[in-house]
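Just so we're aligned, residue 542 is where the sequence shown starts under this note's numbering, counting upward by one.
Note that beta-carbon positions come from the ideal geometry of N, C-alpha and C, so glycine has one too.
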Amino acid sequence: MNTIKQGISRGDIFYADLSPVVGCEQGGVRPVLILQNDIGNRHSPTTIICAITGKPKKPLPTHAAIAGAGRLSRESFALLEQIRTIDRIRLREWVGRLEQQEMEEINQALIISVGLAPALFLFGRETP
542 MNTIKQGISR
552 GDIFYADLSP
562 VVGCEQGGVR
572 PVLILQNDIG
582 NRHSPTTIIC
592 AITGKPKKPL
602 PTHAAIAGAG
612 RLSRESFALL
622 EQIRTIDRIR
632 LREWVGRLEQ
642 QEMEEINQAL
652 IISVGLAPAL
662 FLFGRETP
């Protein structure tokens, strides 16, 4: 298994092996987005990520579009409801890095996902 020896930064995209999984967790070797802050990334053997998919089942306020960043072959979506801490050993090849504008969208979806702000849906209602 390839392990990442160089530094990783918030906003980087890597392929990672997320298996084994339980229930509805995203699994397999897939692209992931590094969410953890850079100080944590420098000093910790783990990092916080979210899964990336090419085809979400339905649009959610916790999804953020990524316009084919780096070596992603098509528009993809960061699934900010699929956040997890992984050991860096799970990281494989580096794919690319998000632009500041994309990270701002990631931050908004993350705020909704962890409940720091209410999600507004199509009808203008707040989530319970």
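Here I575 is near D553, since their CB atoms are less than 8 Å apart. As far as DSSP is concerned, V562 takes part in no beta bridge.
Beta bridge pairing from DSSP links H604 with L620. Looking only at G548, G656, G609, E646, the smallest Cα-Cα distance to N578 is reached by G548.
Secondary structure at L651: helix, using DSSP grouped into helix, strand and coil. With contacts defined by Cβ atoms closer than 8 Å, I627 and T588 form a contacting pair. Rounded to the nearest whole angstrom, the C-alpha separation of R629 and I580 is 15 Å. For I580, the enclosing alpha helix (DSSP H) has its first and last residue at 579-584. In the assembly as shown, S550 is an exposed residue. Its beta-carbon has fewer than 16 other beta-carbons within 10 Å. The three-state reading of DSSP puts E643 in helix, counting H, G and I together. Taking each of K599, R583, P600, R612 in turn and checking the Cα distance to Y556, the smallest one comes out for R612.
A check of alpha carbon separations from L639 across R615, K598, I607, A658 identifies I607 as the nearest. Between P597 and L621, the CB-CB gap reaches or exceeds 8 Å.
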